[in-house]
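A.B. asks: Encoded as structure tokens, here's the structure I'll be asking about.
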Amino acid sequence: MERLEKLQLEWVLVVMEFATTAWTYYVYVWLICIQTTQNRVESTILLSAFHPLFFMALWCFLKTLLTPRMAVPAEFKMDAKTWDYIELDTSLHDYTRSHLGIKTVASHRGQAKTLSYCYPCGNIKPDRCHHCSRCKACVLRMDHHCPWLNRCVGFHNHKFFILFLHYIFAYSVFLVITCTGVLPRIWRRDWVGKATDIKGVSQKTGVSFVPKERPLSENDTALTLAILTSSTAKEAKAAAAAIAVSAPSSSASPPPPMVTATATTATSAAGTKASLIAGTGLSAAFLQVSLVILIYILVIISLVPLLQMHAELMAGNVTTLEQFRPIGLATGGSGVDIFDMGSVAANHRQIMGSHLWLWPFPVFTSLGDGVHFPVVVVVIVVVVVVVVVVVVVVVVVVVVVVVVVVVAAGAGGVVLVVKATASVKHTFSKLFLMYNALFR
Ligand SMILES: [Zn+2]
Ligand SMILES: [Zn+2]
Numbered sequence: 001m002e003r004l005e006k007l008q009l010e011w012v013l014v015v016m017e018f019a020t021t022a023w024t025y026y027v028y029v030w031l032i033c034i035q036t037t038q039n040r041v042e043s044t045i046l047l048s049a050f051h052p053l054f055f056m057a058l059w060c061f062l063k064t065l066l067t068p069r070m071a072v073p074a075e076f077k078m079d080a081k082t083w084d085y086i087e088l089d090t091s092l093h094d095y096t097r098s099h100l101g102i103k104t105v106a107s108h109r110g111q112a113k114t115l116s117y118c119y120p121c122g123n124i125k126p127d128r129c130h131h132c133s134r135c136k137a138c139v140l141r142m143d144h145h146c147p148w149l150n151r152c153v154g155f156h157n158h159k160f161f162i163l164f165l166h167y168i169f170a171y172s173v174f175l176v177i178t179c180t181g182v183l184p185r186i187w188r189r190d191w192v193g194k195a196t197d198i199k200g201v202s203q204k205t206g207v208s209f210v211p212k213e214r215p216l217s218e219n220d221t222a223l224t225l226a227i228l229t230s231s232t233a234k235e236a237k238a239a240a241a242a243i244a245v246s247a248p249s250s251s252a253s254p255p256p257p258m259v260t261a262t263a264t265t266a267t268s269a270a271g272t273k274a275s276l277i278a279g280t281g282l283s284a285a286f287l288q289v290s291l292v293i294l295i296y297i298l299v300i301i302s303l304v305p306l307l308q309m310h311a312e313l314m315a316g317n318v319t320t321l322e323q324f325r326p327i328g329l330a331t332g333g334s335g336v337d338i339f340d341m342g343s344v345a346a347n348h349r350q351i352m353g354s355h356l357w358l359w360p361f362p363v364f365t366s367l368g369d370g371v372h373f374p375v376v377v378v379v380i381v382v383v384v385v386v387v388v389v390v391v392v393v394v395v396v397v398v399v400v401v402v403v404v405v406v407v408a409a410g411a412g413g414v415v416l417v418v419k420a421t422a423s424v425k426h427t428f429s430k431l432f433l434m435y436n437a438l439f440r
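Going by the UniProt record's numbering, 243 is the number at position 243 of the sequence shown; the sequence numbering is gapless.
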């Protein structure tokens, strides 16, 4: 029972997010684009800008939420007894480390060259992997546990999470701007529009109660509400008469509305029930659109620092956890930037993938297998190896060409090679003279 309550509590935020999404969709599409926007071109533009943002944000949200966690590969699995034996023997550590391709050291143990083992999951932790006590599992390249999703953000959904942050930001900005633009129109429709309704109702029903020459007073609003919500002519007349009698009549305040009580029917008036909420004078639509604006302003305010933080982390190929807990390399050195690939573009590719055109879509394109990650040292070694290989290849090619020419052309070949060398030497000395002349 207690477990069930805890489970429900953890999912409350997620359920609230779904409810808010559905309600926002109703407010925007129904109340704003269909009911408020009278102009078909305007509503088409709003709807066709709203839907791509809405679906991309929702798609990324669902992908972040529902993408299953990647399991720690079988070769990292180890029963606790074997680990207890290995833990005592550092030579076995080195062997296991190189066998599994683990580059980092478990810094929290304060001991160099120590592997990290997860007892609940029964596996040696790969590089950048952490056990999440909330998800009760080891998460590959764990970034953080997100309470808003009740899920971990890790290797399996990091790209989707980053995209979700961007899309929900764009979606929120769009909502706030367009809703704020529409809000005065709803205000006018509710107040000025009701005055028009009153006139219309007067013509239809024969009830005349609002003089043209003065603006609507509170009393008029109450009267309108009473008459418009009444279902029979008798009720309408009674309501109008009661309010007319109770209305204050001083020289400062406008005179009470005239009620001629010549209504023949108020059924058509009842059909156009006022949407004014008693006591506030505001319509449900106005309040809902205002609430949408308020909620999404709060979303924007909380997203700005989050986006900034993740942009910085991605630029350096650092996870949220690593930012707070720098890691060490078994080969020496430590810091938050040990997985920095040397350029922002290269670091972005680690999460977003190699194909730029796939970056905006929540399809899995992150590089690597989630357990092995290149480090800067490897990059430098690769560059050095490439340079050495290129130099060796050039030297070998030159030697082979010289030998082939000498063998093929005999003594004449030697002369040819000497001549060619002299020609190259000559060209270089000419270039040298030109360089001198230019920069003297
Ligand atoms: Zn674990
Ligand atoms: Zn988690």
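Virtual Cβ for every residue (Gly too), placed ideally from N, Cα, C.
Nothing here was measured: the structure is a model prediction, and the numbers come from that model.
State the Cα-Cα distance for the pair His348 and His310, rounded to the nearest angstrom.
C.D. replies: 11 angstroms
A.B. asks: In whole angstroms, give me the CA-to-CA distance for Ala315 and Ala345.
C.D. replies: Going by the C-alpha atoms only, they are around 8 angstroms apart.
A.B. asks: Is the CB-CB distance between Phe160 and Pro360 below 7 angstroms?
C.D. replies: No, Cβ-Cβ distance for Phe160 and Pro360 is not below 7 angstroms.
A.B. asks: By alpha-carbon positions, which one of Ile351, Phe373, Gly368 ends up nearest to Ile338?
C.D. replies: Phe373
A.B. asks: Using only the heavy atoms of ligand 1, determine whether one of them is closer than 6 angstroms to the beta carbon of Pro120.
C.D. replies: yes
A.B. asks: Is any non-hydrogen atom of ligand 2 found closer than 6 angstroms to the C-beta of residue 466, if you look at the structure I gave you?
C.D. replies: The structure shown has nothing for residue 466, since the chain only spans 1 to 440.
A.B. asks: Grouping DSSP H, G and I as helix and E and B as strand, with all else coil, what is Thr421?
C.D. replies: helix
A.B. asks: Does the Cβ of Val72 have 16 or more other Cβ atoms within 10 Å, making it buried, or fewer, making it exposed?
C.D. replies: A residue is called buried when at least 16 other Cβ atoms come within 10 angstroms of its Cβ; Val72 meets this threshold and is buried.
A.B. asks: What residue range is occupied by the uninterrupted beta strand (DSSP E) comprising Val153?
C.D. replies: 151 to 153
A.B. asks: On the premise that Ser366 lies in contact with His158, defined as a C-beta separation below 8 angstroms, what is that separation, rounded to the nearest angstrom?
C.D. replies: 6 angstroms
A.B. asks: What does the Cβ neighbour count give for Lys103, buried or exposed, with the cut at 16 atoms within 10 Å?
C.D. replies: buried
A.B. asks: Across which residues does DSSP place Ser133 in a beta bridge pair?
C.D. replies: Paired residue(s): none; Ser133 is not in a bridge.
A.B. asks: So what's Lys103 in DSSP terms, helix, strand or just coil?
C.D. replies: coil
A.B. asks: Go ahead and label Pro126 buried or exposed: buried means 16 or more other beta carbons lie within 10 angstroms of its beta carbon, across all protein chains shown.
C.D. replies: buried
A.B. asks: With which residues is Leu329 paired in a DSSP beta bridge?
C.D. replies: Bridge partners of Leu329: Thr104.
A.B. asks: Are there any heavy atoms of ligand 2 lying less than 6 angstroms away from the beta-carbon of Arg325, as far as the coordinates show?
C.D. replies: no
A.B. asks: Whose C-beta lies closer than 6 angstroms to the C-beta of Thr280 among residues of the same chain, with five residues either side of it excluded?
C.D. replies: Bear in mind that the predicted position of Thr280 carries a pLDDT of just 45, short of 50, making it too unreliable to give a figure here.
A.B. asks: Taking the beta carbon of Thr421 as the centre, do at least 16 other beta carbons fall within 10 Å, making it buried, or is it exposed?
C.D. replies: exposed
A.B. asks: Phe76: which of Cys121, Phe54, Arg325 sits nearest, CA to CA?
C.D. replies: When only C-alpha atoms are compared, the closest one is Cys121.
A.B. asks: Which runs of the alpha helix (DSSP H) fall wholly inside the region 157 to 189 and span at least 4 residues, in chain order?
C.D. replies: none
A.B. asks: With 16 as the cutoff for other CB atoms within 10 Å, does Leu306 come out buried or exposed?
C.D. replies: exposed
A.B. asks: Based on the DSSP secondary-structure assignment, which residues constitute the bridge partners of Ile124?
C.D. replies: Tyr117
A.B. asks: Look up Val72 in the DSSP assignment and say whether it is helix, strand or coil.
C.D. replies: coil
A.B. asks: State buried or exposed for Gln308, treating a residue as buried only when at least 16 other CB atoms are found within 10 Å of its CB.
C.D. replies: exposed
A.B. asks: Based on the DSSP output, what are the partners of His144 in its beta bridges?
C.D. replies: Val153
A.B. asks: Return yes when at least one heavy atom of ligand 2 lies under 6 angstroms from the C-beta of Arg349, else no.
C.D. replies: no
A.B. asks: Can you tell me whether Gly410 is helix, strand or coil according to DSSP?
C.D. replies: Gly410 falls in the helix class under three-state DSSP.
A.B. asks: Please tell me whether, using a cut-off of 6 angstroms, the distance from the CB of Cys146 to the nearest non-hydrogen atom of ligand 1 is below it.
C.D. replies: no
A.B. asks: Does DSSP put Val387 in a helix, in a strand, or in coil?
C.D. replies: Note: Val387 maps to helix in three-state DSSP.
A.B. asks: Considering only C-alpha positions, which residue in the set Arg141, Cys135, Thr37 is nearest to Pro147?
C.D. replies: Cys135
A.B. asks: Measuring alpha carbon to alpha carbon, tell me which of Leu313, Thr331, Ala330, Gly332 ends up nearest Gln323.
C.D. replies: Leu313
A.B. asks: Quick one: measure Cβ to Cβ for Leu149 and Leu65, integer angstroms, because I've assumed they're closer than 8 angstroms.
C.D. replies: The Cβ separation is near 5 angstroms, so the contact holds.
A.B. asks: Since His355 is in the alpha helix (DSSP H), which residue starts that stretch and which ends it?
C.D. replies: No alpha helix (DSSP H) holds His355; DSSP gives it neither H nor E.
A.B. asks: On a CA-only basis, which of Gly342, Val336, Thr320, Val395 is nearest Phe155? Give me that one, please.
C.D. replies: Thr320
A.B. asks: Taking 7 angstroms as the limit between beta carbons, can you name the residues of its chain near Val173, skipping five residues before and five after?
C.D. replies: Ile300
A.B. asks: According to the neighbour-count rule (16 or more other Cβ atoms, all chains shown, within 10 Å of its Cβ), is Gly342 buried or exposed?
C.D. replies: exposed
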